[in-house]
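The opening position of the sequence shown corresponds to residue 1 in full-length UniProt numbering, with each subsequent residue numbered one higher. Where a beta carbon is used, it is the ideal one built from N, C-alpha and C, also for glycine. Bear in mind that the values here come from a model prediction, so they are computed numbers and not experimental data. Written out below as structure tokens is the structure these notes cover.
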Amino acid sequence: MTTSSPLRPLIVLGTRPEAIKLAPLIRHCLERPTEIAPIVCSTGQHREMLAQVLGYFEITPDIDLQLMQPGQTLTSLSAACLTAVDQTIRQQRPDCLVVQGDTTTVMASSMVAFYHRLPVVHVEAGLRTGDLMAPWPEEFNRRVAGIVATLHCAPTEGAAACLRAEGVAEDSVRVTGNTVIDALLWTAERERAATQRWAAKYPFLENASMVLVTGHRRENFGSGLQNICDALGQLATDFPDTHFVYPVHLNPNVQGPVRERLSQFDNVHLVPPADYPEFVWLMDRSRLILTDSGGVQEEAPSLGKPVLVTREKTERPEAVEAGLAELVGTDRRRIVDSVTRQLSKTPQTADARHTQGFENPYGDGQASKRITDWMLEAIERR
Ligand code: UD1
Ligand code: UDP
1 MTTSSPLRPL
11 IVLGTRPEAI
21 KLAPLIRHCL
31 ERPTEIAPIV
41 CSTGQHREML
51 AQVLGYFEIT
61 PDIDLQLMQP
71 GQTLTSLSAA
81 CLTAVDQTIR
91 QQRPDCLVVQ
101 GDTTTVMASS
111 MVAFYHRLPV
121 VHVEAGLRTG
131 DLMAPWPEEF
141 NRRVAGIVAT
151 LHCAPTEGAA
161 ACLRAEGVAE
171 DSVRVTGNTV
181 IDALLWTAER
191 ERAATQRWAA
201 KYPFLENASM
211 VLVTGHRREN
221 FGSGLQNICD
231 ALGQLATDFP
241 DTHFVYPVHL
251 NPNVQGPVRE
261 RLSQFDNVHL
271 VPPADYPEFV
281 WLMDRSRLIL
291 TDSGGVQEEA
301 PSLGKPVLVT
311 REKTERPEAV
321 EAGLAELVGT
331 DRRRIVDSVT
341 RQLSKTPQTA
351 DARHTQGFEN
361 PYGDGQASKR
371 ITDWMLEAIE
381 RR
């Protein structure tokens, strides 16, 4: 082993949330060139939505595998990912693999690293619902990465406890915080002066009440997503002065039903996926967020916003336990009732409840540094 050359982690990412949550880590590594020389590889599981994020964080992947196919299946994507990441590891001969979260990119890359006996650093490790079908297939993907990981970077104490309960060795688990908070703080700092730009893009909002909506979970495809749309249609009618802003995920299984059921409402704004700083502005500007997203469940409480989660189970229980998030599932009536309850509060009441005495369970903005320090300490150069 030689410690004089920089550590060469292969950082593989494929989708929008992985890019948002790995960008601060990559940027932190690039600030320490004598110690660490990351090789950034995009599988291209996402195309436009990934390019949006990488562009914003000024990250150019060293390798772009360009795997996305319109309407790709889990199997076709997994197969392509296994082959392409295998080739990349053969060519690059990195010291370790770094992956984040629970996507197909994460699951397939971790398996390939295992076949190469390459150490795996799993960022955002240990989140569990305990149900393989929810979120589907993400619970499986995250567990696969957990089986082969060498360093488990748990974002919270709860996630670390899940790993220990599964028998993961104490010294291979550390609570690092979630890098999503690093990204959020970096963006908020950088965009402080730009709010006029986003306000100008949404002139209809002015001082109006706004509900921000996202939805893309596979287990909600079909009746779940239809119910969410029907609930939104009902709410748009019940609250004609409230604007519902819905950046629609590019997955055709989402675009189709959402546009079909919600295009006719004047106060429902179906917009393309928002750039990350724009989305942060939208979250900050909103009265309430309705979402099935993982990342948004962490960001909303961090911005002091109430969040209603259109899922039956969550692997991020901290905000629910703190009374900052509520699981509303995909039942039309339940969603309508919960949103109505929230909108009936005065904004002051809603704000006070969500900002006073709040200790962010997801991190303090130092996760990237902790993860990098740990990698340098624990991973041997090959
Ligand atoms: C994926 C992840 C999910 C994550 C989500 C984040 C898996 C199995 N799913 O779901 O965990 O929460 O990303 O958004 O890993 N598409 C585009 N352009 C894009 C992105 C997607 O056109 O930039 C369309 C394509 O038709 C593509 C489809 O969306 O085939 C599905 O993309 P995919 O990554 O397979 O699934 P997501 O639903 O995005
Ligand atoms: N996001 C974004 N633009 C949007 C919607 C979401 O930049 O139009 C960001 C959001 O702030 C969060 C991440 O994307 O950081 C969440 O991604 P997504 O909901 O696609 O995936 P998940 O977190 O559910 O895996």
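Kindly indicate the opening and closing residues of the beta strand (DSSP E) around F244. Counted as a single uninterrupted DSSP element, the beta strand (DSSP E) harbouring F244 occupies residues H243 to P247.
Original post:
P211 and S286: beta carbons closer than 8 Å?
Top reply: According to the sequence provided, residue 211 is Val. The question's Pro does not apply to it. The beta carbons of V211 and S286 sit closer together than 8 Å.
Runs of beta strand (DSSP E) lying entirely within the region 270 to 353, each at least 3 residues, in chain order | Counting only runs of 3 or more, we get 288 to 291, 307 to 309 and 325 to 327.
Where T2 sits in the DSSP three-state scheme: At T2 the pLDDT is 48, less than 50, meaning the model places this residue with poor confidence; the figure from the coordinates comes in the next sentence. In the structure shown, T2 sits in coil (DSSP, three-state: anything other than H, G, I, E or B).
>> Per DSSP, what are the beta-bridge partners of H152 in this structure?
In response: Residue pairing for H152: DSSP places it in a beta bridge opposite H122 and V173.
- Task: Could you check which residue in N251, T291 and C153 has the C-alpha nearest to that of E48?
- Result: The shortest C-alpha separation from E48 is found at N251.
query = If you count every other CB in all the chains shown that lies within 10 Å of the CB of K305, and 16 or more means buried, which is it?
reply = It counts as buried.
Need the endpoints of the alpha helix (DSSP H) that P257 sits in, please.
Its alpha helix (DSSP H) spans residues P252 to L262.
What's the call for K21, buried or exposed, on a 16-neighbour Cβ count within 10 Å? K21 is buried by the Cβ-count criterion.
The alpha helix (DSSP H) enclosing P9, as first and last residue numbers: For P9, no alpha helix (DSSP H) run applies; the uninterrupted beta strand (DSSP E) run containing it begins and ends at P9 to L13, by DSSP.
Query raised in the report: Pick from L82, L13, D373 and V98: whose alpha carbon is nearest that of P61?
Result: P61 has its Cα closest to that of L13, out of L82, L13, D373 and V98.
| field | Sequence ranges, alpha helix (DSSP H) only - wholly within the region 92 to 139, length at least 4 | value | Listed in chain order, the alpha helix (DSSP H) elements of length 4 or more contained wholly in the region 92 to 139 are 104 to 115.
Beta-carbon separation (whole angstroms), T75 vs L50, contact threshold 8 Å:
So it is not a contact: roughly 21 Å between Cβ atoms.
- Item | Cβ distance (whole Å) where P9 is taken to contact P94 below 8 Å | Yes, they are in contact, since the Cβ atoms of P9 and P94 sit about 6 Å apart, within 8 Å.
| query | Leaving out five residues before and five after L132 in sequence, what residues of the same chain have Cβ atoms less than 7 Å from its Cβ? | reply | Beyond the five residues adjoining it in sequence on each side, L132 comes within less than 7 Å, by CB distance, of E139 and F140 in the same chain, given in chain order.
DSSP three-state assignment for V211, whether helix, strand or coil: Correct three-state label for V211: strand.
### Query
Looking at C-alpha atoms only, which residue of T129, Q66, T43 and L343 is the closest neighbour of S110?
The closest CA to that of S110, considering only T129, Q66, T43 and L343, is found on T43.
Next item on the list: Might you give, ordered along the chain, the residues of its own chain that have their beta carbon closer than 8 Å to the beta carbon of V336, omitting 5 neighbours on each side?
Entry: Excluding residues within five positions, the ones whose Cβ falls inside 8 Å are A231, Q234, L235 and D238.
Suppose the cutoff is 7 Å on Cβ atoms and the five residues either side in sequence are ignored; what does the same chain contact list for R353 look like? Residue placement at R353 cannot be trusted, given a pLDDT of 45 that sits under 50; the coordinates are not used to answer.
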